[in-house]
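In our numbering, the protein residues as written are 11 to 97.
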């Protein structure tokens, strides 16, 4: 348990950031799930639209420090390849 005022403040800040990052991660996962569902439906237009909506959200997660840049790029690349493969 934090004893010093500095450690107590740090614990409060950590909890606040954790909640914000948790919400961001959840929001990004929702967008990614929508892309997955669109891919499974087989309708290319829907999948492309979902991918375009998910891309800025994922990159925003990178700038906010929720995801590493390479992780986000890898996810986008894999999703884009799957969307492109829809006949």
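Don't be surprised by glycine CBs; every beta carbon is placed ideally from N, CA and C. Model, not experiment: these values are computed from the prediction.
Inset, instruction - Can you have a look at residue 52 and say buried or exposed, based on whether 16 or more other CB atoms are within 10 angstroms of its CB? - result: Taking a 10 Å sphere around the C-beta of residue 52, we find fewer than 16 other C-beta atoms and assign the residue as exposed.
Inset, instruction - Starting from residue 73, trace the alpha helix (DSSP H) both ways and give me its first and last residue. - result: Segment 54–73, the alpha helix (DSSP H) holding residue 73.
Inset, instruction - With distances taken Cα to Cα, identify the nearest neighbour of residue 72 among 95, 82 and 37. - result: Of 95, 82 and 37, the smallest CA-CA separation from residue 72 is found for 82.
Inset, instruction - Find out if the Cβ-Cβ distance for the pair residue 42, residue 85 is shorter than 8 angstroms. - result: Yes.
Legend entry - Bounding residues of the alpha helix (DSSP H) (the contiguous stretch that carries residue 45): Run containing residue 45: 15–51, per the alpha helix (DSSP H) assignment.
Legend entry - At least 3 beta-carbon pairs within less than 8 angstroms: the stretch 16–30 vs the stretch 54–62: Inter-segment contact for the stretch 16–30 and the stretch 54–62 is absent: fewer than three beta-carbon pairs are separated by less than 8 angstroms.
Legend entry - Rounded separation between residue 28 and residue 76 - CA only: CA-CA distance, residue 28 to residue 76, rounds to 10 angstroms.
Legend entry - Cβ neighbours of residue 31 in the same chain (closer than 6 angstroms, five flanking residues each side left out): Leaving aside the five residues that flank residue 31 on each side, the residues in its chain whose CB is nearer than 6 angstroms to its CB run, in chain order, 76.
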